[in-house]
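Here the structure is laid out as structure tokens; the discussion comes afterwards.
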Amino acid sequence: LTELDPGARGRVARISEVAEHDAPHLLATLSAHMLYPGAEVEVLEAGGHRLDAGTGPFAIDGLVARAVWVTDQAD
């Protein structure tokens, strides 16, 4: 997620296994913003810290952004 440019759209491919096992609060944040494998997302700000996953714009911190792996839809 952190490597996509603003305006890029992608699909969440997976969530870091570390996040799944060691950071339940991170998973709660992802769930609240509907960021789960298969979800489509648009990057609104460089670094993947401001996004839209179909529910309106929202911001996440760098730790969360690094835990979300996205496949660029241009791939």
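Here the sequence shown stands for residues 8 to 82, where the numbers follow my numbering.
Virtual Cβ for every residue (Gly too), placed ideally from N, Cα, C.
As assigned by DSSP and simplified to three states, the class of residue i
i: residue 64; result: strand
i: residue 51; result: strand
i: residue 33; result: helix
i: residue 8; result: coil
i: residue 38; result: helix
Alpha-carbon to alpha-carbon, residue j and residue i
i: residue 33; j: residue 8; result: 15 Å
i: residue 69; j: residue 58; result: 12 Å
i: residue 37; j: residue 54; result: 16 Å
First through last residue of the alpha helix (DSSP H) which encompasses residue i
i: residue 17; result: No alpha helix (DSSP H) holds residue 17; the beta strand (DSSP E) holding it covers 16-22.
Limits of the beta strand (DSSP E) - the one that residue i falls within
i: residue 84; result: Not covered by the structure: residue 84. The range shown for the chain is 8 to 82.
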